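Residue numbers (this note's numbering), protein chains in the order written: chain A, 50 to 259; chain B, 50 to 259; chain C, 50 to 259; chain D, 50 to 259; chain E, 50 to 259; chain F, 50 to 259.
For glycine and all other residues, C-beta sits at the position ideal for the given N, C-alpha and C.
All values derive from a computational prediction rather than experimental measurement.
Below you'll find the structure, written out as structure tokens, and then a few comments.
There are 6 protein chains.
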Amino acid sequence: MGIHHFFTSLNDLERIIRCPGRFKFEEHNVAAHSWKVSQYAMFFATLEEMNGATVNWKSLYEKTINHDFAEVFIGDIKTPVKHASPELKQMLAHVEEKMMEKFIINEIPEKFQAIFFERMKEGKDATLEGRLLEFADKLDQFYEAFAELKRGNIDQEFVYMYQSALKKLLGIPLEATVDYFRNEILKDAVQEDTHIDIQALTKEILNDTK
Amino acid sequence: MGIHHFFTSLNDLERIIRCPGRFKFEEHNVAAHSWKVSQYAMFFATLEEMNGATVNWKSLYEKTINHDFAEVFIGDIKTPVKHASPELKQMLAHVEEKMMEKFIINEIPEKFQAIFFERMKEGKDATLEGRLLEFADKLDQFYEAFAELKRGNIDQEFVYMYQSALKKLLGIPLEATVDYFRNEILKDAVQEDTHIDIQALTKEILNDTK
Amino acid sequence: MGIHHFFTSLNDLERIIRCPGRFKFEEHNVAAHSWKVSQYAMFFATLEEMNGATVNWKSLYEKTINHDFAEVFIGDIKTPVKHASPELKQMLAHVEEKMMEKFIINEIPEKFQAIFFERMKEGKDATLEGRLLEFADKLDQFYEAFAELKRGNIDQEFVYMYQSALKKLLGIPLEATVDYFRNEILKDAVQEDTHIDIQALTKEILNDTK
Amino acid sequence: MGIHHFFTSLNDLERIIRCPGRFKFEEHNVAAHSWKVSQYAMFFATLEEMNGATVNWKSLYEKTINHDFAEVFIGDIKTPVKHASPELKQMLAHVEEKMMEKFIINEIPEKFQAIFFERMKEGKDATLEGRLLEFADKLDQFYEAFAELKRGNIDQEFVYMYQSALKKLLGIPLEATVDYFRNEILKDAVQEDTHIDIQALTKEILNDTK
Amino acid sequence: MGIHHFFTSLNDLERIIRCPGRFKFEEHNVAAHSWKVSQYAMFFATLEEMNGATVNWKSLYEKTINHDFAEVFIGDIKTPVKHASPELKQMLAHVEEKMMEKFIINEIPEKFQAIFFERMKEGKDATLEGRLLEFADKLDQFYEAFAELKRGNIDQEFVYMYQSALKKLLGIPLEATVDYFRNEILKDAVQEDTHIDIQALTKEILNDTK
Amino acid sequence: MGIHHFFTSLNDLERIIRCPGRFKFEEHNVAAHSWKVSQYAMFFATLEEMNGATVNWKSLYEKTINHDFAEVFIGDIKTPVKHASPELKQMLAHVEEKMMEKFIINEIPEKFQAIFFERMKEGKDATLEGRLLEFADKLDQFYEAFAELKRGNIDQEFVYMYQSALKKLLGIPLEATVDYFRNEILKDAVQEDTHIDIQALTKEILNDTK
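See below:
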């Protein structure tokens, strides 16, 4: 019933924990995750701009801060579930879409509905901004796994999460971004003192993706 | 990889929070919930037995402690999502089933697989034990909402949860159980000193379901 | 030591709790707060645009997500301290500035330093975007106090925080924004069922600021 | 005053933390512990049945879910205290018994009192079900210590707890259960990648108990 | 084995929660409680001194900071258990004493043992300092209950705790202290805005103890 | 408004977390810290007394329990901020002093004001008691860092904190205390089994400070 309700629903995302059910030394909520994604995306957009690209900043802003709003309805479904099968992934995407549609129609005043439909749709498209969102979202998964491995979390799931995020990051079609990540960020990351041997895990992936 | 893996996965349910995303004065995990359900079910099974029913205690034990094990795969999906549409509810049930199947085949030694398939299937069937499970599961939702309302949680969702649980409890075909709940449990419950007027909420439902 | 270090420092803001030392039913971290501020600001910027203003979306994005980054150095100093005296407020601002300067020079690669100096400076200036940041930041304080009062937090500090935030919101020179807040958001807010009488607190302020 | 009070007291066990005062990476409450015990017991009862034993499932169900209910009165007393002397252990058992007696007489309706007295008495007797309870309860202590050691908790108490639990498990007179534990569960457990060298700790005990 | 071990054991008291098992809006650990007790005691000792008493400050310091150290062995046993019977209370006191004796003999270097025996013995004796300790310890219980009632905790236990603490405070033979508490502290306390009607609860006790 | 207000403000220090923003396996609040400091100080004062010094116990008691009360106004400012520059450190000390002055004048009854001004002033002076406070306060930082390193916290900040605390402890002009710390406490500490090699870190400092 109005924007007041939309605003108070943002608070719900502070209570949705990422990767629920797994033992973690530190938990992250979806609101804080969204902010970190908007930070990473801003940095890499700047870098792409410095390399000649034209960034639609409004679009990037919209995409990053809204990309997980739908979790307000459905929570953070465990990634293995989401990817159990392409059919299942599609089913869940469909559910989210329907819940969002219902929310916008019931809660958002008519004059803002078109804007909300536009903003809340899946943002990871083939535009530069869609790719930056995809990169930034995956980067936060990379950093969440990195921090657990660094502190000694021995659960295999974080090894898989680290490697899978790394592989995907290296394959996203954003040349300047991926170069900088590979040559600067990763180089610094693997020099940290860590419990789990992150350097070895990383080299393995780097060799595979050359 | 064997029963060791099954045993360690039980620990995951201590990290799945019920009703994620909502503000609550007290959170409950799925492991503790399962234990409370097995307690309520034992009481009402005893009562039914005193009233002439024959209880299959092994079946009741299996049904109550296993009824939410599948949340280890998918988490505690928000109830409004689960019930957004019958189609969606079915989809999600299907997903859970597939995940469970995969788990049993991959993790459980062959000689126990048939037993696990039997135990992990949906327990809320038309048997006495299936109904007792349904009653006990709903009763925990009733008590979770009751405790929030008593302590003054003003979120409307807990009013709906309380009323919806109450309505369903009164309609489950277990005569001795429902009578006892209506005449003894509820009578004591509404006499408690509470922030939200639980007595009024309860009377409304009782009048509707006479 | 590079952007990797900047990225990992973002995680620190998930551990800085707002309004430390006070009893609250729910705590908020600075990362999640920053995200909510970026959401409010986007909505009101859209509204201003619909009313004829020209929004610099890149600037708004930069201002909102970075406005509390300096807390990574100094934590969330209690507001009464910050405002104990104009001299003290200035001293603390000076400290933050010095810490930020040191951070940028030591950690950020040279080719990004100018950009970081620009982005990390105080964002609440007289531009449209500066005002939108100020409005959005204050609105989150309004909502934090609102939620505590609604749930029955009887600490007087939240009454003062609510009233002081409300007063400031109504005085920010953003015509369309303040009108919408007064006529739509506040109207919905005071109709909620709350423990503390928020309607009375609000009317008092509204009468004073007509 | 009635079953309503009994039901709401179950919630208290969600707030009793096991092994209070010790640093742990993850805490466990008594309600969740009781559920895990009922899971382990069901598995080993099934195994014993497959090996020709006759299981009284009702008794096993009663014993497992009720075995720590008395902690609602007295909390989780630290194990070293409980076992400081046989005299002290007896005193504390006596206290629990008295508190339970008082609770049943004051709170449980007369027609259920005999049943509650039966169910709430010490369950670790010489029956098959009593032994299964003892095994399952000890197994949860084994797994709690295992998880802390695996994650790198360097507190010596968890080494003692692990070794003491292991020793006791291997000595409980349940042939099929102990064989399966030794040959299947333990074999898988020591193959996990762990911070503390659990394999060495385990071998030492296994050699002593051959 | 030595003072290092004694010092690290202090940390354990930060993990012992007072009044375990009860629902509270805010939990308190025994370390923080001990500090608050030492603060209250200092104030009232000052007051007694202003009224002509002679305070042994060293003794008061020793008594207040050490009065709950024994909980490091046994945890915070629920008060109703402690007072279930005089016999039980005595048994538990005996247990604590034995555990403490064992600790001092095993861990404390010989030249400090006599001092530790003196400091760690029950401090609530008939001296001025013993009475100040008793008053200060009870006052913290009063304030813990007060805070829960103020915030709307509707659990009857906190009403009993508040009234029982108040009654005992008013009866402790410390004239200046009790007068100040009755005429200044209580007067301010009951003027606070509270959810539960603390003023009425207080008047009832005050009338009974005139 | 009186001593009641002073007493309830003590509770605020239970919510001020030390070293905010850093990842820690275990957090400590300022109230519990103050208690540990008063324990360490009592031990070393006893030792100094055994070595011929005369201890003013009242002063030591006052200094230890009050030394961080001012954090009730300003929170636990991150140490690197406090020491960013001598000028900044002085500014912050000035702020705390002003806030304390205001608090005493507004809240403490006139007849106690002089006493509070005396007790709440900076306690780390050149007296024996001032030095014992400084030693004890630094020792708690030493133990906080020690515990994190022991459990495997790989954040460099805790290495610096450990080494810096150690260096300062060894340089405080308290002969018997520093000797005992160096020869007994440290010797036991470095023999513990730890994740990070504390022995090496310690030797390095010991060699430098011989």
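message = Give the list of continuous alpha helix (DSSP H) stretches no shorter than 4 residues that lie fully inside the segment 51-87 of chain E.
response = 52-59
key: GLU159/D (DSSP reduced to helix, strand or coil)   = Your numbering for residue 159/D matches position 110 in the fourth sequence. Assigned with DSSP and collapsed to three states, GLU159/D falls in helix.
ask   = Applying a beta-carbon distance threshold of less than 9 angstroms, which residues of chain F neighbour TYR192/E?
value = For the purposes of this step, residue 192/E is taken as residue 143 along the fifth sequence, with counting starting at 1. Within 9 angstroms Cβ-Cβ: PHE56, THR57, LEU59, ASN60.
request  = Taking C-beta pairs closer than 8 angstroms, name the residues in chain D that VAL260/E reaches, listed in chain order.
outcome  = Nothing about residue 260/E can be read from this structure; chain E reaches only from 50 to 259.
ask   = Going by other Cβ atoms of all chains shown within 10 Å of its Cβ, with 16 needed for buried, is TYR110/D buried or exposed?
value = As a position in the fourth sequence, residue 110/D is number 61, starting the count at 1. Buried, by the Cβ-count rule.
query = By a C-beta neighbour count over all protein chains shown, 10 Å radius and 16 as the cutoff for buried, is HIS143/D buried or exposed?
reply = Residue numbering aside, residue 143/D sits at position 94 when the fourth sequence is read from its first letter. It counts as exposed.
task = Inspect the beta-carbon positions of LEU96/D and TYR192/D and report whether they are closer than 8 angstroms.
result = As a working note, residue 96/D is residue 47 in the fourth sequence. As a working note, residue 192/D is residue 143 in the fourth sequence. Not closer than 8 angstroms, so no.
task = Please name the residue in ASP189/A, GLU167/A, ARG71/A whose C-alpha comes closest to that of THR57/C.
result = Your numbering for residue 57/C matches position 8 in the third sequence. The shortest C-alpha separation from THR57/C is found at ASP189/A.
ask   = So, do the segment 192-212 of chain C and the segment 236-249 of chain E have three or more beta carbon pairs nearer to each other than 8 angstroms?
value = yes
message = Tell me the residue span of the alpha helix (DSSP H) that contains THR226/F.
response = Working through the sixth sequence from its first residue, we reach residue 226/F at position 177. Its alpha helix (DSSP H) spans residues 224-229.
query = Does the beta carbon of GLY201/D come closer than 8 angstroms to any beta carbon on chain F?
reply = Position 152 of the fourth sequence, counted from the start, is the residue given in the question as residue 201/D. Cβ-Cβ to chain F under 8 angstroms: yes for GLY201/D.
request  = Quick one: list the residues of chain F neighbouring LYS107/E, beta-carbon separation under 7 angstroms, in chain order.
outcome  = Start at 1 with the first residue of the fifth sequence, and residue 107/E comes out as number 58. The contacting residues are TRP106.
key: Cβ neighbour criterion (16 or more within 10 Å) applied to ASN155/E   = Within the fifth sequence, the letter at position 106 stands for residue 155/E. Classification for ASN155/E: exposed.
inquiry  = Just to confirm the assignment, what range does the alpha helix (DSSP H) spanning LYS107/C have?
reply    = Residue 107/C sits at position 58 when you count from the first residue of the third sequence. LYS107/C -> alpha helix (DSSP H) spans 106-115.
message = Assess contact between the segment 103-118 of chain D and the segment 212-226 of chain D, defined as three or more Cβ pairs (one per stretch) separated by less than 8 angstroms. Is contact present?
response = no
request  = Give every residue of the same chain whose Cβ lies closer than 7 angstroms to the Cβ of ARG71/E, excluding the five residues on either side of it in the sequence, and list them in chain order.
outcome  = For this step, residue 71/E is matched to residue 22 along the fifth sequence. The answer, listed in chain order, is ASP204, GLU206.
ask   = Any C-beta of chain A sitting closer than 8 angstroms to the C-beta of GLU75/D?
value = The residue labelled residue 75/D in the question sits at position 26 within the fourth sequence. Chain A, which has a Cβ nearer than 8 angstroms to the Cβ of GLU75/D, makes this yes.
request  = Can you say whether GLU167/A is buried or exposed, counting buried as having 16 or more other CB atoms within 10 angstroms of its CB?
outcome  = Taking the first residue of the first sequence as 1, we reach residue 167/A at position 118. Exposed.
query = On the three-state DSSP scale, how would you describe ARG8/F?
reply = The structure shown does not extend to residue 8/F, since chain F is modelled only from 50 to 259, so the question has no answer here.
key: Where GLU224/C falls, given that 16 or more other Cβ within 10 Å makes a residue buried   = Within the third sequence, the letter at position 175 stands for residue 224/C. Exposed is the label assigned to GLU224/C, since fewer than 16 other Cβ atoms lie within 10 Å of its Cβ.
Coarse secondary structure for GLU171/D, derived from DSSP in three states = As a position in the fourth sequence, residue 171/D is number 122, starting the count at 1. Coil, per DSSP.
ask   = Starting from THR243/F and walking both ways along the alpha helix (DSSP H), at which residues does that stretch end?
value = Indexing the sixth sequence from 1 puts residue 243/F at position 194. In the DSSP annotation of this structure, THR243/F is not part of any alpha helix (DSSP H), being labelled neither H nor E.
inquiry  = Which same chain residues end up closer than 6 angstroms to PHE122/E when comparing Cβ atoms and leaving out the 5 residues on each side of it in sequence?
reply    = The residue labelled residue 122/E in the question sits at position 73 within the fifth sequence. MET148.
task = Determine whether the Cβ of HIS82/F lies closer than 8 angstroms to any Cβ atom of chain D.
result = Translated into the one-based positions of the sixth sequence, residue 82/F becomes position 33. HIS82/F does not count as touching chain D.
task = Could you have a look at ILE234/C and say whether DSSP puts it in helix, strand or coil?
result = The residue given as residue 234/C occupies position 185 in the third sequence. Reduced to three states, the DSSP call for ILE234/C is helix.
ask   = Of all the options LEU59/B, HIS54/B, HIS82/B, which has the alpha carbon lying nearest to the alpha carbon of ILE66/B?
value = Within the second sequence, numbered from 1, the residue matching residue 66/B stands at position 17. Nearest of LEU59/B, HIS54/B, HIS82/B to ILE66/B, Cα basis: HIS82/B.
message = For GLU75/D and GLY101/B, I'd like the C-alpha separation in whole angstroms.
response = Against the fourth sequence, residue 75/D aligns to sequence position 26. Against the second sequence, residue 101/B aligns to sequence position 52. Rounded to whole angstroms, GLU75/D to GLY101/B spans 45 angstroms at the Cα level.
query = Where do the N-terminal and C-terminal ends of the alpha helix (DSSP H) with ILE254/F fall, by residue?
reply = Position 205 of the sixth sequence, counting from 1, holds the residue named residue 254/F. ILE254/F -> alpha helix (DSSP H) spans 247-257.
key: C-alpha distance - PRO69/F paired with ASP61/A, whole-angstrom precision   = Position 20 of the sixth sequence, counted from the start, is the residue given in the question as residue 69/F. Position 12 of the first sequence, counted from the start, is the residue given in the question as residue 61/A. The straight-line gap from Cα to Cα measures roughly 24 angstroms.
inquiry  = Which residue marks the beginning of the alpha helix (DSSP H) containing ILE123/F, and which one marks its end?
reply    = Locating residue 123/F in the sixth sequence gives position 74, where the first residue counts as 1. Segment 120-123, the alpha helix (DSSP H) holding ILE123/F.
task = Report the option in GLN212/D, THR251/D, MET91/D, LYS160/D whose CA atom is closest to the CA atom of THR113/B.
result = As a position in the second sequence, residue 113/B is number 64, starting the count at 1. Looking at the Cα atoms, MET91/D is the closest of the given residues.
Counted within 10 angstroms of its Cβ, other Cβ atoms place TYR211/B as buried (16 or more) or exposed = On the second sequence, residue 211/B is found 162 positions in, with the first residue counted as 1. With 16 or more Cβ atoms within 10 Å of its Cβ, TYR211/B is classed as buried.
query = Cβ of LEU235/B less than 8 angstroms from any chain A Cβ?
reply = Taking the first residue of the second sequence as position 1, residue 235/B is located at position 186. No, its Cβ sits nowhere closer than 8 angstroms to a Cβ of chain A.
task = Tell me where the alpha helix (DSSP H) around GLY220/D begins and ends.
result = Walking along the fourth sequence from the start, residue 220/D turns up at place 171. It spans 205-220 - the alpha helix (DSSP H) in which GLY220/D sits, taken as one unbroken run.
message = Taking its Cβ as the centre, do 16 or more other Cβ atoms sit within 10 Å of ASN78/B, making it buried, or is it exposed?
response = By 1-based counting over the second sequence, the position of residue 78/B is 29. Buried, since its Cβ has 16 or more Cβ neighbours within 10 Å.
8 angstroms contact criterion, which LYS170/D and LEU182/D should meet: CB distance rounded = Walking along the fourth sequence from the start, residue 170/D turns up at place 121. Walking along the fourth sequence from the start, residue 182/D turns up at place 133. The pair is not a contact, with the Cβ atoms about 12 angstroms apart (cut-off 8 angstroms).
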